[in-house]
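Here the structure comes first, spelled out in C-alpha cells, and everything after it is commentary.
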Amino acid sequence: MMNIEKKQQVLFVSSEVYPFAKSGGLADVSYGFPRAMSPFFDVEIIMPMYKSIDKKKFGIKPIKLSFKIELGKKKYEVELFATIYNGMKCYFVESKILSNKKYLYGTPESGYKDNDLRFGLFSKAVVEFSKQHKKYDLLHLNDWQSALCALFVKEDASLQTKTLYTIHNMAYQGVFGKETLDKLGLSSAYFDMDALEYYGDINYMKAGIVYADAITTVSPNYAKEILTPEFGCGLDGFLVKHQNKLVGILNGLDLSHFSPASDSALVQNYDTQNYDKKLNNKIAYLKETGLENDALALFVFVGRFTWQKGIEMLVEALDALENQNFNIAILGDGESKYKQQIKEISKKRKNINLFFGYDEELSHRMYGSADFLIMPSLFEPCGLNQLIAMNYGTLPIVSSVGGLKDSVYSLSDFGLNDGYGLGICFDVKTPHALQDAMQKALDLYEEKEKFKEINQHNMQCDFSWKHGSHAYASLYNYLLDSME
Ligand code: ADP
Ligand code: GLC
C-alpha cells in the first residue's frame with residue numbers, strides 16, 4: 000500500500016497580504032511566499048480583517064468559529080472569516096478595535112493609539128485560533144504586529160507549536176508605554192531587559208526575538224547589518240545575543256503576479272525574445288502622463304515616502320541634473336514633508352510626473368514602461384522593487400545596502416557571464432553619488448545594443464521564490480524535526 004505522508008501544518012501570520020491589504024513589500028511576500036511553500040507543507044494564511052477589505056469582492060465568509068479573548072480586565076469578541084484566493088486559504092480575524100479603523104496601522108505621521116491592544120488582540124486570537132482550529136505545527140510570524148504570538152505560545156504549556164519570526168524591517172518595532180503590559184494582562188516579569196522592556200517602554204519585536212524558536216530576516220546582508228548600531232535601530236546588541244538563531248534569506252517574487260509576459264496591467268506584454276515591444280508600453284505611458292519624447296530615458300521611482308527610501312537624495316539629484324534630457328515619474332505616498340519636497344521640484348521641471356497615492360496597476364505599468372528604476376534607499380532589508388524592475392527589463396539604480404547588495408550586482412564589477420542581476424550601484428555616503436549614477440545611466444542608455452543586452456540578461460535571471468522556498472523548507476524541517 001502506498002504510504003501518503005501527511006504534510007505538516009503551517010500557519011503564516013501577517014498583518015498585510017496582497018490583494019486584501021497592502022502597504023508595502025510585506026503584502027507581496029505574504030501572498031507569494033506561502034504559495035511557494037505549499038508543495039512542501041500544508042500552508043494557510045491568517046491576517047486581520049480590516050475595515051477596508053471588501054468581503055463580497057473576495058468571497059470572504061464566516062467560518063462559524065468565534066470566541067472571546069481576554070486582555071487585562073476586558074473581553075473582546077472575535078469572529079473568524081475565510082476565503083480561498085488563487086488556491087491559498089486565508090483566514091481573517093475580526094474584532095471591533097482591530098476592524099473598525101480606516102487605515103491598517105494609522106496615518107504615515109502617527110500610528111493608532113490603541114495599536115498595542117489591536118495587535119496584542121490579533122496575536123492572542125491567532126494562537127487561540129491555532130489551538131481550536133487545527134493545532135498547527137508551526138506558526139510563521141512576521142514583523143511586530145504578530146511577534147507576541149511567540150510569547151503567547153510559550154505561555155501555554157499545552158502547546159507543542161513551533162514559532163519562526165521574520166523581521167522585514169527593524170525600523171518598525173511596535174514600541175508602547177509600560178502600561179501596555181497591564182492592558183494585555185501580562186505579568187510584570189516581562190518588564191525586563193531580557194524580555195520586552197526597551198528603554199522604559201515595551202517592545203513587541205523583542206517578543207519575537209526572544210520567544211520564537213528561530214528568526215529570519217529578508218536578506219543575508221541585512222542579517223549582518225542589523226547586528227550593528229548603524230542598522231539595528233537600538234536592538235543590535237539584543238540581536239547579537241540571539242544571533243545563533245538568526246539567518247538571512249533573500250525574498251523572491253511571485254512570478255504569476257510580476258511577469259511582463261502575462262501582466263494584464265500592461266498595454267503590451269513582452270518577454271526576453273521580443274524585448275523591443277516594451278517600447279509600446281513606454282509610448283502609452285508617456286501619453287497617459289503627458290511626458291514627452293519616447294527617445295529620452297525614462298526613470299521611475301515607486302515607494303513609500305519615508306526616510307528609508309532616500310527621497311531627499313532623489314530631490315537633490317533631480318535639482319542638480321536640471322539641464323539633462325530625461326523623463327522621470329514618481330509614484331508613492333507617505334510623509335507630507337517628502338511630498339512637499341517632491342512637489343516643489345516638480346513645479347520647476349516639465350520632465351517630472353507625480354502621482355501621490357497607492358495604485359497597484361499604475362506601478363506595474365511603470366515597471367513595464369521605464370528604462371531605469373531609481374532606488375536610493377538609506378537602508379533596505381530586502382526590497383522587491385529592484386527584483387520586479389529586473390524581471391521587467393528595467394535597469395535598477397540602487398544604493399549598495401541591505402538586500403539591494405544581495406540582489407543587484409554592479410555593472411562596474413560584473414558582466415553578463417556571471418549570471419547575476421545587474422544594475423548601477425552606488426554608495427549613499429559618497430557625495431553626489433545618485434547624481435553620478437543617473438549620469439552613468441544616461442550614458443549607458445546611449446549605447447542602445449549594450450543597454451538592451453543587459454536588460455534581456457536580467458529578464459532571464461531567476462528572481463522567483465525558488466531558492467528562498469528551499470532555504471525556508473530546510474529551516475521549517477529543522478524546527479519541526481526538533482518537535483517531541
Ligand atoms: P517596502 O516594503 O519597504 O515598502 P519593497 O520594495 O519591499 O518596499 O516593496 C514595495 C512594494 O510595494 C512593491 O510591490 C511596490 O511596487 C509597491 N508599492 C510601493 N508604493 C506603491 C504605490 N504608491 N503604489 C503602488 N505600489 C506601490
Ligand atoms: C519591508 C522592507 C523591504 C522588504 C519588505 C518585504 O517593508 O522595507 O525592504 O522587501 O519588507 O520583506
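Following numbering that gives the first Met the number 0, the residues of the sequence shown are numbered contiguously, the last one being 483. Just so it is clear, CB atoms sit at the ideal spot from N, CA and C, and this is done for glycine as well. Given the structure is predicted, the values throughout are model-derived calculations rather than measurements.
(1) Excluding five sequence neighbours on each side, which residues of the same chain lie with their C-beta closer than 7 angstroms to the C-beta of S345?
(2) Which residue marks the beginning of the beta strand (DSSP E) containing Q8, and which one marks its end?
(3) From G233, S94, V400 and T179, pick the residue whose C-alpha is nearest to that of L64; which is it?
(4) What does the Cβ neighbour count give for Q272, buried or exposed, with the cut at 16 atoms within 10 Å?
(5) Can you tell me which of E448, S258 and I310 puts its alpha carbon nearest to the alpha carbon of N390?
(6) Within 10 Å of its beta-carbon, does D405 have 16 or more other beta-carbons around it, so buried, or fewer, so exposed?
(7) Please look up how many angstroms separate the CB atoms of F40 and Y475, rounded, as I've assumed it's under 8 angstroms.
(8) From the DSSP output, which residues share a beta bridge with T162?
(9) Do G422 and V397 have their beta-carbon atoms positioned less than 8 angstroms apart in this structure?
(10) Tell me the rounded alpha-carbon separation between Y470 and G110.
(11) When the Cα of I44 is compared with those of A35, H456 and V9, which residue comes out closest?
(12) So, is M365 buried or exposed, given that buried needs 16 or more other C-beta atoms within 10 angstroms?
(13) Any heavy atom of the ligand SAH closer than 7 angstroms to the beta-carbon of N202?
(14) What do you get for N2, buried or exposed, if any count of 16 or more other CB atoms within 10 angstroms of its CB means buried?
(15) Considering just the uninterrupted stretch of the alpha helix (DSSP H) at I310, what are its terminal residues?
(16) Opposite Y408 in the DSSP bridges: which residues?
(17) By a C-beta neighbour count over all protein chains shown, 10 Å radius and 16 as the cutoff for buried, is M0 buried or exposed?
(18) Tell me, please, whether the region 221–238 touches the region 331–341 by the rule of three or more beta-carbon pairs shorter than 8 angstroms.
(19) Just the C-alpha distance for Y104 and N114, rounded to the nearest angstrom, thanks.
(20) Under a Cβ-count criterion, where at least 16 other Cβ atoms within 10 Å of its own Cβ denotes burial, should T429 be classed as buried or exposed?
(21) Name the DSSP beta bridge partners of T215, please?
(22) Use the C-beta contact count for H466: other C-beta atoms within 10 angstroms, 16 or more gives buried, fewer gives exposed.
Quick answer:
(1) I351 and L353
(2) Q8 to V12
(3) S94
(4) exposed
(5) S258
(6) buried
(7) 6 angstroms
(8) L138
(9) yes
(10) The displayed chain sequence assigns Ala, not Tyr, to residue 470. The straight-line gap from Cα to Cα measures roughly 34 angstroms.
(11) V9
(12) buried
(13) Looking at this structure, you won't find the ligand SAH anywhere; what it does contain is the ligand ADP and the ligand GLC.
(14) Any reading at N2 is ruled out, since the residue's pLDDT is 48, under 50, leaving its predicted position unreliable.
(15) I310 to A319
(16) L421
(17) Residue placement at M0 is flagged as unreliable, the pLDDT there being 46, under the threshold of 50; the coordinate-derived value follows with that caveat. M0 comes out exposed.
(18) no
(19) 7 angstroms
(20) exposed
(21) T165 and V246
(22) exposed
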